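Per this note's numbering, the very first residue in the sequence shown carries number 6; after that it's consecutive.
Since the structure comes first, as structure tokens, the remarks are kept for the end.
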Amino acid sequence: KVYTIRVTPRKIGNALFTGEIEIWDSLFTLKSVSLDVSKNSLVMYDAFRISQDYSFINNRRVLTTERMEWQVKNGTSKSNGHCDVRYTNYTFDSTYAKKYFNDEVGITLEDAYNKDTSFWALLRPIPLTHDERIYINYQDSIQRLRLSKHYLDSVDSIFNKPSISKILLMGYSFINRDKKILWNFDPAIALLDPVAIGGLRLRYSVNYFKKYENYKTLYISPFLNYGFRNGDVKGNLAMQFKYNPKKQSTISIDLRKYFGFVNTFATIRDVFNRNNFYEENYLSIRHSHEISNGLYMNVGLKNTLRKDLGDFKFNSDYDSAFENNTPYTFATHSAFESSFALSYTPKQLYIKEPKQKIILGSKYPTFSLIYKQAFIGIWGSSTKYQSLDFGINQKFNVGIFGTSEYAINLGGFLDTSNLRIMDYRYQRGGDPFLLMPTMFGYQLIDSTFATFQTVFESHYQHEFNGFITSKIPILKQLGIKTSVGGGILYVPERNYQYSEILFGANRILKLGRQRVKLGVYYILAHSNTQGVSAGFKFSLNPYNINNNTWSF
């Protein structure tokens with residue numbers, strides 16, 4: 006005898022599923038499951054169903070078949086898909102060596118992508134339906150056509166065809182799929198920068214990307230910039246070569262002559278002040294590499310010539326919009342800097358592909374160490390400092406309650422014997438009305454200040470993903486979701502203590518294929534200098550399709 010149980014949540018906010026569950030009467034074990042995922046829990050999908058069947062093998066209940074069905078809507082178009090899985094060859098009571106199961110959860114052999122349909126027909130446990138066979142044959146023929154040189158050349162010719170909208174507004178791209186090369190050129194609308202430093206400037210950039218058959222990649226991006234008022238030419242040449250995709254091994258070179266920021270993390274009201282800019286000419290070289298699974302190393306060298314903008318001509322009409330808007334003056338000097346960083350994520354799970362390694366994440370936090378040092382005497386450098394930082398960060402699920410993320414950092418300068426103002430470390434003040442990414446800053450600090458010794462920072466954010474608001478009919482229909490967060494800052498050298506909590510509400514908007522999260526937040530803060538403060542902030546957060554996560 007089998008009982009069928011209808012899954013109908015009494016409280017919508019406490020449930021992820023609706024559907025049916027079948028249970029054997031006397032055994033009290035699952036026979037089958039057919040459940041629909043709540044729409045409130047979906048980001049990229051509009052509908053998602055999971056169906057499972059269970060059987061007994063050697064008197065043990067095991068999962069034997071599984072089917073996943075989904076639907077995605079984009080405007081007026083709709084696409085449906087499904088995936089069938091069959092589980093066989095169960096082995097029980099086996100014994101394995103202690104480290105038999107490691108962090109590698111899957112491996113794809115070199116020839117897996119070249120198998121023909123006859124190979125998969127022998128392995129496929131569920132025969133294809135007539136419609137599926139027609140569909141696969143149709144898709145295979147399309148795939149063969151798409152990989153043919155004639156088709157690639159024809160597609161490239163259409164993609165590469167110039168148009169007025171591309172040249173003026175969108176930017177022009179040129180692709181050669183056969184050689185796996187892509188060029189991107191700035192549009193004409195980006196040529197002029199009317200609010201740049203020193204007034205109107207002419208700018209242009211080009212990007213070159215090459216992907217090799219072995220998944221190595223090369224990226225080159227030259228950039229030129231000319232100022233009419235001062236007749237000065239500036240620019241940048243960035244190059245990056247990934248030479249080992251399985252180890253994420255990358256070499257980056259950056260040659261630059263442009264404007265630098267005295268305070269890179271200045272608030273919006275301060276970032277455009279003339280006293281936040283200077284001229285820098287530098288060459289930097291960086292190398293990153295995965296030493297062993299989960300352990301990453303990043304080393305870099307940078308030599309910079311720094312000049313003030315004391316003789317630079319500015320736009321007086323624009324400058325009048327800011328207070329104390331005069332360039333910071335200092336003696337021209339050089340800085341030779343090195344950096345060394347390690348990060349380690351224990352038990353990092355991954356899948357090994359023939360030409361790359363796919364990281365799946367870990368249930369453990371990531372630990373990081375960053376050491377920086379500037380040396381006197383190397384290539385004329387007159388800057389000397391040392392800094393050291395320790396950090397811990399993690400993002401994890403809390404079941405039906407949502408997703409949590411935290412970051413903790415302890416660090417500061419070890420040596421400030423010859424520290425320049427552009428090398429200072431700053432605690433950023435809050436922006437009016439705009440929310441800073443909660444894992445990287447604080448919202449209601451009244452003003453930016455520099456720190457020269459050890460500082461403790463911590464941040465926390467939790468997204469309820471509809472757990473609370475889906476219980477409230479109107480908010481549920483509107484798709485409103487809530488979040489909470491907070492942070493603590495302690496600066497011993499100033500005897501400064503700051504803490505904040507925030508409460509947010511957000512809604513996901515669909516803009517074509519893009520997803521954007523619009524949010525409003527209420528922040529309550531306390532410090533031993535400001536006392537209690539409060540305010541509202543707003544945010545616009547795009548969804549990163551490549552990383553399958555929100556930008557912040």
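The C-beta atom is built at its ideal place from N, Cα and C for all residues, glycine as well.
Keep in mind it's a predicted model, so treat the numbers as computed, not measured.
Discussion item. Would S343 and Y301 be called neighbours here (beta carbons separated by less than 7 Å)?
Written reply: Within the sequence shown, the letter at position 338 stands for residue 343. Within the sequence shown, the letter at position 296 stands for residue 301. Between S343 and Y301, the CB-CB gap reaches or exceeds 7 Å.
Worksheet entry | Distance, S538 Cα to R433 Cα | Working through the sequence shown from its first residue, we reach residue 433 at position 428. Working through the sequence shown from its first residue, we reach residue 538 at position 533. If you take the alpha carbons of R433 and S538, they lie about 16 Å apart.
Worksheet item: According to DSSP, which residues form a beta bridge with Y224?
Response: The residue given as residue 224 occupies position 219 in the sequence shown. In DSSP, Y224 forms a bridge with F214 and Q245.
Practice prompt. Report the residue from F228, T69 and N320 whose alpha carbon sits nearest the alpha carbon of L205.
Written response: Taking the first residue of the sequence shown as 1, we reach residue 205 at position 200. If we check each option's Cα against that of L205, N320 comes out closest.
Worksheet item: Hey, how far is the Cα of K171 from the Cα of G111?
Response: Locating residue 171 in the sequence shown gives position 166, counting from the first residue. Locating residue 111 in the sequence shown gives position 106, counting from the first residue. About 43 Å.
Discussion item. Quick check on DSSP: helix, strand or coil for Q144?
Written reply: On the sequence shown, position 139 is the one that residue 144 refers to. Q144 falls in the helix class under three-state DSSP.
Worksheet item: Are G299 and T331 closer than 7 Å when you measure CB to CB?
Response: Counted from its first residue, the sequence shown places residue 299 at position 294. Counted from its first residue, the sequence shown places residue 331 at position 326. Taking a C-beta distance under 7 Å as the contact criterion, G299 and T331 do not qualify as a contact pair.
Worksheet item: Given that a residue counts as buried once 16 or more other Cβ atoms are within 10 Å of its Cβ, and exposed if not, what is I426?
Response: To locate residue 426, count along the sequence shown from 1; it is residue 421. Under this definition I426 is an exposed residue.
Worksheet entry | Whether L21 touches S43 by CB criterion (7 Å) | Translated into positions along the sequence shown, residue 21 becomes position 16. Translated into positions along the sequence shown, residue 43 becomes position 38. A contact, by the Cβ cut-off of 7 Å.
Worksheet item: Between the C-alpha atoms of Y118 and S56, what's the straight-line distance to the nearest angstrom?
Response: Here the question's residue 118 lines up with position 113 in the sequence shown. Here the question's residue 56 lines up with position 51 in the sequence shown. Within the model, the alpha-carbon separation for Y118 versus S56 is close to 28 Å.
Worksheet item: Mapping DSSP to helix, strand and coil, what is Q378?
Response: Sequence index remark: in the sequence shown, residue 378 carries index 373 (1-based). Q378 carries a strand assignment under DSSP once its states are collapsed to helix, strand and coil.
Worksheet item: What residue range is occupied by the uninterrupted alpha helix (DSSP H) comprising A126?
Response: As a working note, residue 126 is residue 121 in the sequence shown. It spans T122 to L128 - the alpha helix (DSSP H) in which A126 sits, taken as one unbroken run.
Discussion item. Classify L449: buried if its beta carbon has 16 or more other beta carbons within 10 angstroms, exposed otherwise.
Written reply: Along the sequence shown, one-based indexing puts residue 449 at 444. Answer is buried; the Cβ neighbour count reaches 16.
Worksheet item: Span of the beta strand (DSSP E) holding F401?
Response: Indexing the sequence shown from 1 puts residue 401 at position 396. Element bounds for F401: K389 to N402.
Worksheet item: For N5, which residues from the same chain have a beta carbon less than 6 Å from its beta carbon, with the 5 sequence-adjacent residues on both sides left out?
Response: No answer is possible for residue 5: the residues shown for the chain start at 6 and end at 557.
Worksheet entry | Nearest neighbour of I493, chosen from A412, D436 and T453 [CA to CA] | Translated into the one-based positions of the sequence shown, residue 493 becomes position 488. Taking only the C-alpha atoms, the option nearest I493 is A412.
Worksheet item: Can at least three beta-carbon pairs, one atom from the region 306-318 and one from the region 358-375, be found at a separation below 8 Å?
Response: no
Item to complete: Specify, as a first and last residue, the run of the beta strand (DSSP E) that D420 falls within.
Response: Numbered from its first residue, the sequence shown carries residue 420 at position 415. Segment T408 to N423, the beta strand (DSSP E) holding D420.
Worksheet entry | Any non-hydrogen atom of the ligand GTP within 6 Å of Y431 CB | With respect to small molecules bound, the structure shown includes none, and the ligand GTP cannot be examined in it.
Worksheet item: In three-state terms, what does DSSP make of T474?
Response: Position 469 of the sequence shown, counting from 1, holds the residue named residue 474. In this structure, T474 counts as helix in the three-state DSSP scheme.
Worksheet item: Considering only residues of the region 475-536, which uninterrupted beta strand (DSSP E) runs meet the minimum length of 3 residues and lie entirely inside it, listed in chain order?
Response: The region 475-536 contains these whole beta strand (DSSP E) runs: 485-496, 501-516 and 519-532.
Practice prompt. Pull up the DSSP beta-bridge partners for H464, would you.
Written response: Numbered from its first residue, the sequence shown carries residue 464 at position 459. Beta-bridge partners assigned by DSSP to H464: A412 and G492.
Discussion item. Please state whether the Cβ-Cβ distance between F457 and T421 is less than 7 Å.
Written reply: By one-based count along the sequence shown, residue 457 stands at place 452. By one-based count along the sequence shown, residue 421 stands at place 416. Contact flag set, yes.
Practice prompt. Would you check if the distance between the CB atom of K262 and the CB atom of N230 is smaller than 7 Å?
Written response: The residue you call residue 262 lines up with position 257 of the sequence shown. The residue you call residue 230 lines up with position 225 of the sequence shown. Cβ distance not < 7 Å, so K262 and N230 don't count as in contact.
Worksheet entry | When K251, P437 and Y390 are compared against P566, the one with the closest alpha-carbon | Residue coverage of the chain in this structure runs from 6 to 557, which leaves residue 566 outside it and unanswerable.
Worksheet item: Thinking C-alpha only, which one of G417, H467 and T443 is nearest F406?
Response: Position 401 of the sequence shown, counting from 1, holds the residue named residue 406. Considering only alpha carbons, the answer is H467.
Discussion item. Pop quiz: S386 and F454 are said to be a contact at Cβ under 8 Å. What is the actual Cβ separation, rounded to whole angstroms?
Written reply: Stepping through the sequence shown from its first residue, residue 386 is reached at position 381. Stepping through the sequence shown from its first residue, residue 454 is reached at position 449. Incorrect: roughly 27 Å between the Cβ atoms, too far for contact.
Practice prompt. Measure the beta-carbon distance from L507 to V489 and round it to whole angstroms, keeping in mind my assumption that it falls under 8 Å.
Written response: Walking along the sequence shown from the start, residue 507 turns up at place 502. Walking along the sequence shown from the start, residue 489 turns up at place 484. About 7 Å separates the two Cβ atoms, so the contact holds.
Fill in: 8 Å contact criterion, which T3 and L415 should meet: CB distance rounded
The question about residue 3 has no answer here: the residues shown for the chain are numbered 6 through 557.
Discussion item. Between which two residues does the alpha helix (DSSP H) holding R182 run?
Written reply: As a first step, residue 182 is located in the sequence shown; it is residue number 177 there, counting from the start. Segment: none, R182 is in no alpha helix (DSSP H) and carries neither H nor E.
Practice prompt. Kindly give me the distance between the Cβ atoms of S289 and L306, rounded to whole angstroms, as I take these residues to be in contact under 8 Å.
Written response: Counted from its first residue, the sequence shown places residue 289 at position 284. Counted from its first residue, the sequence shown places residue 306 at position 301. Between L306 and S289 the Cβ distance is about 7 Å, and since that is below 8 Å, they are a contact.
Item to complete: Excluding the 5 residues preceding and the 5 following R11 in the sequence, name in chain order all residues of the same chain whose CB lies nearer than 7 Å to its CB.
Response: The residue labelled residue 11 in the question sits at position 6 within the sequence shown. Contacts found: E25.
Practice prompt. Output the distance between the C-alpha atoms of V2 and E71, rounded to the nearest integer angstrom.
Written response: Examination of residue 2 is not possible in this model, given that the chain is present from 6 through 557 alone.
Fill in: Cβ separation of E27 and V48, assumed to be a contact under 8 Å, to the nearest whole Å
On the sequence shown, residue 27 is found 22 positions in, with the first residue counted as 1. On the sequence shown, residue 48 is found 43 positions in, with the first residue counted as 1. 30 Å between Cβ atoms; not a contact.
Worksheet item: Going by C-alpha distance, which of R65, L114 and V160 is nearest Y95?
Response: Indexing the sequence shown from 1 puts residue 95 at position 90. For Y95, the nearest C-alpha among the options comes from R65.
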